[in-house]
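Asks: Can you keep this structure in mind? I'll have questions shortly.
There are 2 protein chains.
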Amino acid sequence: MKKLLLLVMLVPCIGIAQNDDSVFIKKIADEILRNGKAYDLLKQLTKNVGGRLAGSPQMVKAEQWGLAAMKQQGADNAYLQQCMVPHWVRGTGDKVFVAEIDNKQTARNLDAAALGNSIGNNKAIVAEVLAIANFDELEKRKDEVKGKIVYYNAGFDPTNIRTFKSYGETGGYRRNGASRATKYGAVGIMIRSLTEATDNNPHTGAMAYNDSFPIIPAVALGNQDADYVWALSKKSTFKVSMVTHGKMLPDTIGHNVIGELKGTEFPNEYITVGGHLDSWDLAEGAHDDGTGVVQAIEIMRTLKALGYKPKHTIRFVLFANEENGTKGAEKYAEEAKAKNEQHIFALESDAGGFTPRSFGFTMGKEKLAKIQPWAKLLKPYGIDDLSEGGGGSDIGPLGKMFGTPLAGLQPDSQRYFDVHHARNDVFENVNKRELLLGAVNMAALIYLVDKYGL
Amino acid sequence: MKKLLLLVMLVPCIGIAQNDDSVFIKKIADEILRNGKAYDLLKQLTKNVGGRLAGSPQMVKAEQWGLAAMKQQGADNAYLQQCMVPHWVRGTGDKVFVAEIDNKQTARNLDAAALGNSIGNNKAIVAEVLAIANFDELEKRKDEVKGKIVYYNAGFDPTNIRTFKSYGETGGYRRNGASRATKYGAVGIMIRSLTEATDNNPHTGAMAYNDSFPIIPAVALGNQDADYVWALSKKSTFKVSMVTHGKMLPDTIGHNVIGELKGTEFPNEYITVGGHLDSWDLAEGAHDDGTGVVQAIEIMRTLKALGYKPKHTIRFVLFANEENGTKGAEKYAEEAKAKNEQHIFALESDAGGFTPRSFGFTMGKEKLAKIQPWAKLLKPYGIDDLSEGGGGSDIGPLGKMFGTPLAGLQPDSQRYFDVHHARNDVFENVNKRELLLGAVNMAALIYLVDKYGL
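These protein sequences, in sequence, are chains A and B.
Take the first sequence: its position 330, counting from 1, is numbered 330 in my numbering, and each next residue is one higher.
If you want my numbering, it's the position in the second sequence, counting the first as 1, plus 1000.
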């Protein structure tokens, strides 16, 4: 009887709570969709600052912009957190072209971009190309590699519905293609860009060498040129001329930009929301990850504008160095450890500013089961899927260090790799409403975690 | 006991059927995502034909293109179905500008587009502007209207999550804004474009006059200029100069383009899949509705390529005249009635070639309940919502005449009204994978309806 009574008393309470929540989340959505600043902020970041690789002068400018934006949009406290970051520069004058086909000279240009962290040869090499499908073929034909430029044709599988699956399958060619080929004596490598885009923009991104073997230049080709090279390899022998100018300078100073809303009940327990401020140098870093940056600021602005007093301290973090080092992420977690901070949740947006579809969580199954009713609250704004697996490179160290529950915004993924790390990752390719809807769902999730815990 | 036995026997069968279905739907998806022709076909239609309003020479070219495409992509039978269509022409030399502010001459251009079906004044009028928020204000200030150009500022409500809701709320200003203002003596109207786009492209679309009142010119302003005019009206009196050249010529001949795959069991029962071939004249008609057109052809190609023998005859229809008359739709239904055809289902794609989110159905609740298990089969390809309410202008008459169950593809709606009826509705704004995924889900639905009925 007591149990029944308790149940009878609880049911209306839960009903009221869900109703209160849906009312407040509607307020969040209306505020963001009516008065959101994220789109204007993104325009500032992309057009006034532009591409901003860690260590670059543009990144310094971006940090100052971020700090000012945090203050203007109402942070209780805003500051820079210093860390050391890698300092890669592309240099100028890179050029890749087909120099010879079946022993006849030619000069057919290839739209290519040196991979991030790759070290340039500075003086053109001209070498025969060994075009192969994948690493399996590399191993089979390892005796043919010496003295050649290896071209890897491995591309996205179009039958994968989620494009991140394709990225996962092919990312190894960008990261390790050079080190695996130089082991067999290759003098340079080219990869197909990690994209299904129909255009010819090459897509850069991080790679690493293996210290045991010689350093060789490494580039990505635009996919139309990748098609051309692959077709050419089926009918002709050909040589490519390649010169790149990448340099790794000594590590330098970078900063995470942090804004806070102070917790009223548990000021020493932290919720982190963020994206990364750095971007590759080739473009404006709009979807990667300007949108995550401005969504974080937008959520702060909105909670403040609505007079929301969080129970926990909420940190809005623009991380310093995701693209080629995650040094900002490591610093943030180390500092948290040094200060013995308690981190109860972290959320990242680093998959583009597209229509939100789901949140992916890295935390215990029980916790994930417990929050499933929240899906109903988010569904009116586009997210009806709270699923296992997700987070982000910048919040990963928090998870590892403290076991902090992590989540990542998972927007519709169809267009992300069209622009990812390429020169067309620009402001004009971001849709204002899609961007704002991402912020709506993120703000709602932060509100629910702050109110109910995990 | 018998019942139980039957159940025991049935359960594994259903299990097997669902498995067969998911295998076949995966084949559909793989075929479309690997070998899909929809994107190339869309490039042909948008770039070789371009804008194609009913009655225009481009529409004749589009019909020939469509017929050839149906044949090339494997129709058992392809033909044109003649109908009479309205024939509106925009003419050339339209110009709208602010001519006077607070009695001082000026010449501030406004990016404007005459509304479809509107009749031009051919000689510039210069008149004071009465800027009002909405129809309510029109009624309150009707005594001020005479001799003026009325500007309606009613725009999309940004807090609507689905943009079609906003379109529904504001469409009346485009359709009836002129007739309601001319009743009170207005000499012209301007509306805010039916979009939330951040650019300044004006969006045209169908309007109609009321025969009882004078015909006046009617234009839509790009939204940046709409903002300008609205702000100006708050601080100044001003006059606008307006000249448009629209003409309604006598009805002319148009055609629905029809391709068929013959039914093997019920050849006289029809399933219709389509979009509309006509478009407004200002752009290339890419999302509206080139994508629906090429998705229909893609589904036909795919079923044929997979050797699928439909039970029912499937008709792939490119309708002649959705934008300013739906005469193609009416003809198709009338012809069906005349031939006593049985139409068991019709599906339209006319909401853009964006990532598919749901199908909306207009049919009995029982039928809708019955097909809910199909959502599980579609979910891997993006659609997990089979909901009430949906169809399309071109299949509407079938529903009215025969009670045929109808459905409409409902893609993500955030970007649709950025391009709808505006000069930026071009091929470049269509994403290949989003387009193909729409075709995947539509083909799967057609397969399920053909196999199981409704």
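The C-beta atom is built at its ideal place from N, Cα and C for all residues, glycine as well.
1) So, does the CB of Asp-1384 of chain B fall closer than 9 Å to a CB anywhere in chain A?
2) Which ranges would you report for the alpha helix (DSSP H) in the stretch 107-153 of chain A if only whole runs of at least 4 residues count?
3) Looking at Thr-163 of chain A and Glu-196 of chain A, is the spacing between their C-beta atoms short of 9 Å?
4) Please name the residues in the stretch 365-397 of chain A whose beta-carbon is closer than 9 Å to at least one beta-carbon of chain B, in chain order.
5) Identify which residue in B:Lys-1376, B:Pro-1380, B:Gln-1414 and B:Gln-1410 has its Cα closest to the Cα of Gln-1018 of chain B.
6) Is any beta-carbon of chain B found at less than 9 Å from that of Asp-482 of chain A?
7) Can you tell me whether Cys-13 of chain A is buried or exposed? The criterion is at least 16 other CB atoms within 10 Å of its CB, across all chains shown.
8) Nearest to Pro-202 of chain A by alpha carbon, out of A:Val-419, A:Ile-28 and A:Trp-65?
9) From B:Gly-1453, B:Gly-1290, B:Lys-1451 and B:Val-1219, pick the residue whose C-alpha is nearest to that of Val-1317 of chain B; which is it?
10) Short of 7 Å in beta carbon distance, which residues of its chain neighbour Met-9 of chain A, apart from the five on each side in sequence? Order them along the chain.
11) Would you tell me roughly how many angstroms separate the C-alpha atoms of Met-190 of chain A and Asp-225 of chain A, rounded to the nearest one?
12) Out of A:Lys-148, A:Lys-379 and A:Glu-169, which one is the CA nearest neighbour of Ala-178 of chain A?
13) Please return the same chain residues whose Cβ sits closer than 8 Å to the Cβ of Ser-279 of chain A, not counting the five positions on each side in sequence.
14) Mind checking if Lys-1432 of chain B is an interface residue toward chain A, Cβ cutoff 9 Å exclusive?
15) Can you pull the chain A neighbours of Asp-1030 of chain B, defined as C-beta to C-beta under 7 Å?
16) Could you name the residues of chain A that Thr-1302 of chain B contacts, counting a contact when the two beta carbons are closer than 9 Å?
17) DSSP three-state call for Leu-1045 of chain B: helix, strand or coil?
18) So, with DSSP's three-state summary, where would you put His-255 of chain A?
19) Of all Cβ atoms in chain B, is any one closer than 9 Å to the Cβ of Leu-445 of chain A?
20) Looking at the structure shown, is Lys-104 of chain A part of a helix, part of a strand, or coil, going by DSSP?
21) Within its chain, find whatever has a CB closer than 7 Å to the CB of Gly-116 of chain A; leave out the 5 residues flanking it on each side and keep chain order.
22) Can you grab the Cα-Cα spacing for the pair Ala-1062 of chain B / Asp-1102 of chain B, in whole Å?
23) Between the stretch 28-58 of chain A and chain B, which residues of the former have CB atoms less than 8 Å from a CB of the latter, in chain order?
24) Who are the neighbours of Thr-1198 of chain B on chain A, taking C-beta pairs under 8 Å?
25) Which partner residues of Arg-1175 of chain B appear in the DSSP bridge assignment?
26) Who are the neighbours of Thr-170 of chain A on chain B, taking C-beta pairs under 8 Å?
27) What are the residues of the stretch 190-215 of chain A that lie near chain B, defined by any Cβ-Cβ distance shorter than 9 Å?
28) Alpha carbon to alpha carbon, what distance is there between Asp-1020 of chain B and Lys-1002 of chain B?
29) Taking one C-beta from the stretch 1165-1173 of chain B and one from the stretch 1246-1253 of chain B each time, how about it: are there three or more such pairs within less than 8 Å?
30) Roughly how many angstroms separate the alpha carbons of Gln-1105 of chain B and Phe-1238 of chain B, rounded to a whole number?
31) Using a Cβ-Cβ distance cut-off of 9 Å, determine whether Thr-291 of chain A contacts chain B.
32) Does any CB atom of chain B fall closer than 9 Å to the CB of Thr-163 of chain A?
33) Let me know the secondary structure DSSP gives Ala-186 of chain A once reduced to three states.
34) Does the beta carbon of Leu-1437 of chain B come closer than 9 Å to any beta carbon on chain A?
35) Take the Cβ of Glu-31 of chain A as the centre, count every other Cβ of all protein chains shown within 10 Å, and call the residue buried at 16 or more, exposed below.
36) Which complete beta strand (DSSP E) runs does the stretch 308-363 of chain A hold, if anything under 3 residues is left out?
Replies: Judging by the given coordinates:
1) The residue given as residue 1384 of chain B occupies position 384 in the second sequence. Yes, its Cβ sits closer than 9 Å to a Cβ of chain A.
2) The qualifying runs are 135-140.
3) On the first sequence, position 196 is the one that residue 196 of chain A refers to. On the first sequence, position 163 is the one that residue 163 of chain A refers to. Closer than 9 Å, so yes.
4) For the stretch 365-397 of chain A, the set of positions with a beta-carbon nearer than 9 Å to some beta-carbon of chain B reads Pro-380, Tyr-381, Gly-382, Asp-384 and Asp-385 in chain order.
5) Here the question's residue 1018 of chain B lines up with position 18 in the second sequence. Closest option to Gln-1018 of chain B, Cα to Cα, is B:Lys-1376.
6) No answer is possible for residue 482 of chain A: the residues shown for chain A start at 1 and end at 454.
7) Here the question's residue 13 of chain A lines up with position 13 in the first sequence. Residue placement at Cys-13 of chain A is poorly supported in this model, since its pLDDT is 47, which falls under 50; the coordinates are not used for a value here.
8) Against the first sequence, residue 202 of chain A aligns to sequence position 202. Nearest C-alpha to Pro-202 of chain A: A:Val-419.
9) As a working mapping, residue 1317 of chain B is identified with position 317 in the second sequence. Selected option, being the one with the closest Cα: B:Gly-1290.
10) Taking the first sequence and counting its residues from 1, the one referred to as residue 9 of chain A is at position 9. The predicted model places Met-9 of chain A with a pLDDT of 47, which falls under 50 and marks its position as unreliable, so this point remains unresolved.
11) Reading the first sequence from its first residue, position 190 is the one you call residue 190 of chain A. Reading the first sequence from its first residue, position 225 is the one you call residue 225 of chain A. Roughly 11 Å separates the two Cα atoms.
12) As a working note, residue 178 of chain A is residue 178 in the first sequence. The option with the nearest alpha carbon to Ala-178 of chain A is A:Lys-148.
13) Numbered from its first residue, the first sequence carries residue 279 of chain A at position 279. Within the same chain, Ser-279 of chain A has close Cβ partners Gly-51, Arg-52, Leu-53, Gly-285, Asp-288, Asp-289, Gly-290, Glu-323 and Asp-425.
14) If you number the second sequence from 1, residue 1432 of chain B lands on position 432. At a cut-off of 9 Å between C-beta atoms, Lys-1432 of chain B counts as an interface residue with respect to chain A.
15) Along the second sequence, read from residue 1 onward, the residue named residue 1030 of chain B stands at position 30. Near Asp-1030 of chain B (Cβ distances below 7 Å), the residues of chain A are Thr-159.
16) Your numbering for residue 1302 of chain B matches position 302 in the second sequence. Residues of chain A with a Cβ closer than 9 Å to the Cβ of Thr-1302 of chain B do not exist, since the nearest Cβ in that chain sits about 13 Å away.
17) Counting from one through the second sequence, the residue named residue 1045 of chain B turns up at place 45. Leu-1045 of chain B: helix per DSSP, three-state reduction.
18) Taking the first sequence and counting its residues from 1, the one referred to as residue 255 of chain A is at position 255. DSSP places His-255 of chain A in the strand class (E or B) of the three-state scheme.
19) As a working note, residue 445 of chain A is residue 445 in the first sequence. Output row for Leu-445 of chain A: interface = no.
20) The count along the first sequence starts at 1 and reaches residue 104 of chain A at position 104. Three-state result, Lys-104 of chain A: strand.
21) As a working note, residue 116 of chain A is residue 116 in the first sequence. Taken in chain order, the residues that qualify are Trp-88, Thr-204, Gly-205, Ala-206, Met-207, Trp-280, Glu-323 and Asn-324.
22) Walking along the second sequence from the start, residue 1062 of chain B turns up at place 62. Walking along the second sequence from the start, residue 1102 of chain B turns up at place 102. Straight-line spacing of the CA atoms in Ala-1062 of chain B and Asp-1102 of chain B works out to 49 Å.
23) Cβ contacts with chain B: Ala-29, Asp-30, Leu-33, Arg-34 and Tyr-39.
24) The sequence position of residue 1198 of chain B within the second sequence is 198, counting from 1. The answer, in chain order, is Tyr-39 and Lys-432.
25) Numbered from its first residue, the second sequence carries residue 1175 of chain B at position 175. Looking at the DSSP assignment, Arg-1175 of chain B forms no beta bridge with any residue, so it has no partner.
26) Position 170 of the first sequence, counted from the start, is the residue given in the question as residue 170 of chain A. Here the premise fails: no neighbours, minimum Cβ distance about 16 Å.
27) Residues passing the 9 Å Cβ filter: Glu-196, Ala-197 and Thr-198.
28) In the second sequence, residue 1002 of chain B corresponds to position 2, counting from 1. In the second sequence, residue 1020 of chain B corresponds to position 20, counting from 1. Per-residue confidence for Lys-1002 of chain B stands at a pLDDT of 44, beneath the threshold of 50, marking its modelled position as unreliable; no derived number is given.
29) Too few Cβ pairs lie closer than 8 Å, so no.
30) Position 105 of the second sequence, counted from the first residue, corresponds to residue 1105 of chain B. Position 238 of the second sequence, counted from the first residue, corresponds to residue 1238 of chain B. Each residue's Cα considered, the two are about 9 Å apart.
31) Here residue 291 of chain A refers to the residue found at position 291 of the first sequence. No, Thr-291 of chain A does not count as interfacial toward chain B.
32) Numbered from its first residue, the first sequence carries residue 163 of chain A at position 163. At least one chain B Cβ lies under 9 Å of Thr-163 of chain A.
33) Here residue 186 of chain A corresponds to residue number 186 of the first sequence, with the count starting at 1. Correct three-state label for Ala-186 of chain A: coil.
34) The residue given as residue 1437 of chain B occupies position 437 in the second sequence. So, interface residue.
35) The count along the first sequence starts at 1 and reaches residue 31 of chain A at position 31. In the assembly as shown, Glu-31 of chain A is a buried residue. Its beta-carbon has 16 or more other beta-carbons within 10 Å.
36) Restricting attention to beta strand (DSSP E) runs no shorter than 3 residues, the stretch 308-363 of chain A encloses them at 312-319, 342-348 and 356-362, ordered along the chain.
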